[in-house]
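Beneath this line is the structure, given in C-alpha cells, with notes to follow.
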Amino acid sequence: MADLRTQVHDAYRAWSPESAHLIEAARDVFPGGDTRMSAHFGPYPLFIERAEGCHLYDADGHEIRDFMNNFTSLIHGHANPDVVEAVCDQMRQGSAYAAPTRSQVALGSLLQERIPSIEQLRFTSSGSEATLMTLRCARAVTGKHRIMKMEGGYHGSYELAEVSLVPLPGLSGLPDAPTPVPIDASIPPSILGDVVPCPFNDPETAQALIARHSHELAAVIVEPVLGSMGMIPATREFLQALRDATSAHGVLLVFDEVITLRIALGGAQQHHGVVPDLTALGKIIGGGLPIGAFGGSEELMRVFHPDEPNPVMHASTFSGNPLSMAAGAAAMGQWNTATIERTNDLGDRLRSGFNDAFARHGIRGQAIGLGSLVNLHLTDAPLTDARGTLDGFIRSGPINSLLHLAMLQRGVASASRLMYCTSTAMTDGDVDFAIDALDDALATLRPGIEAEYPALIG
Ligand SMILES: Cc1ncc(COP(=O)(O)O)c(C=O)c1O
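Final position of the sequence shown in our numbering is 1655; the numbers increase by one with none missing.
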C-alpha cells in the first residue's frame, strides 16, 4: 500500500490533469512555474480560469468554493457587480494620471472617518510599501533606527519585514531574548542588526525588551492577529502592554492592519480599544485591486508634507491610482457594521464546525482565528505564539499540505497553510459545504494518519 503522501498526490494529479499539463509550460517561464511564492504549493498549484462570487473555476472545469479570497483581500468575493461597474466606468476615463483625483479624497476620507488612529493618510500600491512607510516615518520622527517586530510577524516582501518570520528552533535564541533570524540568504547582517525580535503575546518580555532598547528603537510593529503563523489573535493585554511601554519610552507603536481591518469597521484597534500611533492598511481597501495605505496623527504624517524642509520621500508610480480607488470605494461602501457582523458570524460557524469535525474523527486538530479569519492546525496544544505554532507544524509533518490538497479535491480552496476566510458572497450553506468537506477529508486520511503519524490521533 502506497504511503499517505503518494496516495493524496496521485489522487490530486488524476483529478487535475489540465493544471498538471499547464504547469509544465509555466516551468519554462518562471522558476518552479510560479510568480508568487505564497500562491505556490506542491505538487503544483491549480490554474484558475475565472471566478465569481465565492466560486473559483479551474482549468479542469471544477467549481471550487473560495475560502482563500486572495489571502483575505476579497471581502465581497469575486467580480462583485458594484466593484466591476466602478472599475469599468473608471477605465473608460483612464487608469492613472500622476495627479490628485476626487476618488483619492473620497476613499481616503472614508478610511479617515473609520479608523481611530488615522487623522491623515497616504496611499501606496501594496501592503508591503505601507508597512515600510510607517517604519520610515517612525525613524524620521524619532531619529532612532532599530525596529521591534514579533517573531512570526509578516509585514510584506522586503528584507526587514521578513526577519524572524520563521523563528526556527535552534536559531532564534532564548524565548525572552530572541535573536534575529534571516528568512533566506538574501538578508544582510546590517538588516539583522536593525531588528529586535520579540515573542508574540508575552507582555512582560515585550515590556522588558522595549525598555532595554528604548534608546535605539524607532518603532514596534505588530499584527493584531499573527497571520502567516496561522491566525493567532493577540490578547488585548499584550497590545495594551505594547501601547503602555512604547508611550513610556518614546517609541512609536505601529499596527499592521493589512489583514485585520476586516474584523471591525475601525479594524482590530477599534475591536480591542487600543490605538496605535501609526497604522498600515492594504488588501480589502482596494476592492480586489492592488493597494496599500498608511496613516496616523496629523503631527506624525507631517513628515510627508511636500512643503516641509526635508520631507520623507514617498513616491511609487501606482500609488492612489484611480482604478484601485474606484474598486476600493465600491467595496468599502458595502462594508458596514451589518455586513461585517454577518461575515464574522460565518467565520464563527466555520471555526466551530471545523472543531467538531476534528473531535468526531479523533484527530488532534483545531480551528483558531478571530471573526472572519480562520486557520486549521494539526495540534491540540494551545497556540499563542510563533514558536509553539512552528513546533505543531513540524510535528504534523506533511499532513497540513495533504489536507489542503484533499480539501481542494472536495471543492474547497484555502491557503496551503490552511488559512480560510469568509466573505459577504458566502451563505451558511457554503460554510456547511466546507465543514462537510473537512469531515470527509478527515475520514479518508485517518487510516494513513493513524499508521504514519499516530501522535495526531487522540
Ligand atoms: C499582515 C500583512 N502585512 C503586510 C502584507 C503585505 O501586503 P502586500 O502583499 O499587499 O504587499 C501582508 C500580505 O500578506 C500581510 O498579511
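Beta carbons are placed, not taken as given, at the ideal position from N, Cα and C, and that holds for glycine.
Extent of the continuous beta strand (DSSP E) run through residue i
i, result
"N1398", "N1398 -> no beta strand (DSSP E), and no H or E assigned at all."
"V1419", "L1414 to V1419"
"D1255", "H1252 to D1255"
"Y1391", "The displayed chain sequence assigns Asp, not Tyr, to residue 1391. Here D1391 belongs to no beta strand (DSSP E); instead the alpha helix (DSSP H) covers P1386 to D1391."
"L1605", "Run containing L1605: none in the beta strand (DSSP E); it sits in the alpha helix (DSSP H), I1596 to Q1606."
"E1465", "As written in the sequence, residue 1465 is Ala, which differs from the Glu given in the question. Run containing A1465: none in the beta strand (DSSP E); it sits in the alpha helix (DSSP H), G1464 to H1469."
"F1452", "L1449 to D1453"
"E1246", "I1245 to E1249"
"F1268", "Per DSSP, F1268 belongs to no beta strand (DSSP E); it is in the alpha helix (DSSP H), N1266 to T1269."
"E1348", "No beta strand (DSSP E) contains E1348, which DSSP labels as neither H nor E."
Where the alpha helix (DSSP H) through residue i begins and ends
i, result
"T1586", "A1583 to R1592"
"N1541", "T1534 to H1558"
"M1510", "That residue, M1510, is in no alpha helix (DSSP H); it is neither H nor E in DSSP."
"C1334", "G1324 to T1339"
"E1282", "P1278 to R1289"
"F1515", "Careful: F1515 lies outside any alpha helix (DSSP H) and carries neither H nor E."
"D1633", "D1625 to E1649"
"R1299", "R1299 to R1311"
"Y1209", "L1201 to W1212"
"G1439", "Position check: residue 1439 holds Leu in this sequence, whereas Gly was assumed. Element bounds for L1439: R1433 to H1446."
"M1498", "E1495 to M1498"
Residue i CB to nearest heavy atom of ligand 1 below 7 Å
i, result
"H1237", "no"
"D1453", "yes"
"E1496", "no"
"G1353", "yes"
"G1424", "yes"
"E1348", "no"
"T1328", "yes"
"G1479", "yes"
"E1420", "yes"
"S1325", "yes"
"F1397", "no"
"G1274", "no"
"G1489", "yes"
"I1456", "yes"
"F1268", "yes"
Between the CA atoms of residue j and residue i - distance to the nearest angstrom
i, j, result
"G1340", "R1319", "21 Å"
"D1451", "R1614", "The sequence given here places Val at residue 1451; Asp does not occur at that position. About 26 Å."
"Q1301", "M1522", "6 Å"
"D1545", "M1616", "14 Å"
"P1297", "T1536", "31 Å"
"G1655", "P1386", "44 Å"
"L1599", "F1238", "11 Å"
"A1415", "L1389", "15 Å"
"P1430", "L1567", "6 Å"
"V1417", "I1407", "8 Å"
"E1495", "M1234", "37 Å"
"I1380", "D1286", "42 Å"
"C1618", "H1412", "40 Å"
"S1549", "L1543", "10 Å"
"A1465", "S1611", "23 Å"
"E1356", "A1445", "29 Å"
"R1499", "E1505", "8 Å"
"L1642", "G1559", "12 Å"
"P1240", "P1595", "12 Å"
"V1378", "P1278", "44 Å"
"I1591", "M1529", "39 Å"
"E1249", "D1627", "14 Å"
"C1395", "V1609", "35 Å"
"R1289", "S1325", "29 Å"
"A1512", "F1501", "10 Å"
"Q1317", "A1490", "10 Å"
"A1658", "V1392", "Given a span of 1198 to 1655 for the chain in the structure shown, any question on residue 1658 remains unanswerable."
"N1572", "F1268", "12 Å"
Nearest-angstrom Cβ-Cβ length linking residue i and residue j, presumed shorter than 8 Å
i, j, result
"T1586", "D1453", "With 8 Å as the limit, T1586 and D1453 do not qualify as a contact, their Cβ atoms being about 18 Å apart."
"R1333", "V1455", "17 Å between Cβ atoms; not a contact."
"H1273", "V1281", "Incorrect: roughly 11 Å between the Cβ atoms, too far for contact."
"A1526", "L1307", "7 Å"
"P1487", "S1383", "So it is not a contact: roughly 23 Å between Cβ atoms."
"H1469", "L1436", "5 Å"
"E1538", "L1201", "Contact doesn't hold; Cβ gap of about 40 Å is too wide."
"T1457", "P1421", "5 Å"
"N1597", "L1575", "6 Å"
Distance cut-off 7 Å: residue i Cβ against heavy atoms of ligand 3
i, result
"N1398", "In terms of ligand content, the structure shown lacks ligand 3 and carries ligand 1 instead."
The segment 1340 to 1349 / the segment 1359 to 1376 touching (three or more Cβ pairs under 8 Å) | yes
Can you find at least 3 beta carbon pairs, one from the segment 1288 to 1307 and one from the segment 1509 to 1527, that sit closer than 8 Å?
-> yes
Do three or more CB pairs link the segment 1589 to 1605 to the segment 1633 to 1650 at distances below 8 Å?
-> yes
Within the chosen definition, does the segment 1456 to 1474 reach the segment 1308 to 1316 through at least 3 CB pairs nearer than 8 Å?
-> yes
Given 8 Å, three or more beta-carbon pairs between the segment 1244 to 1259 and the segment 1198 to 1218 = yes
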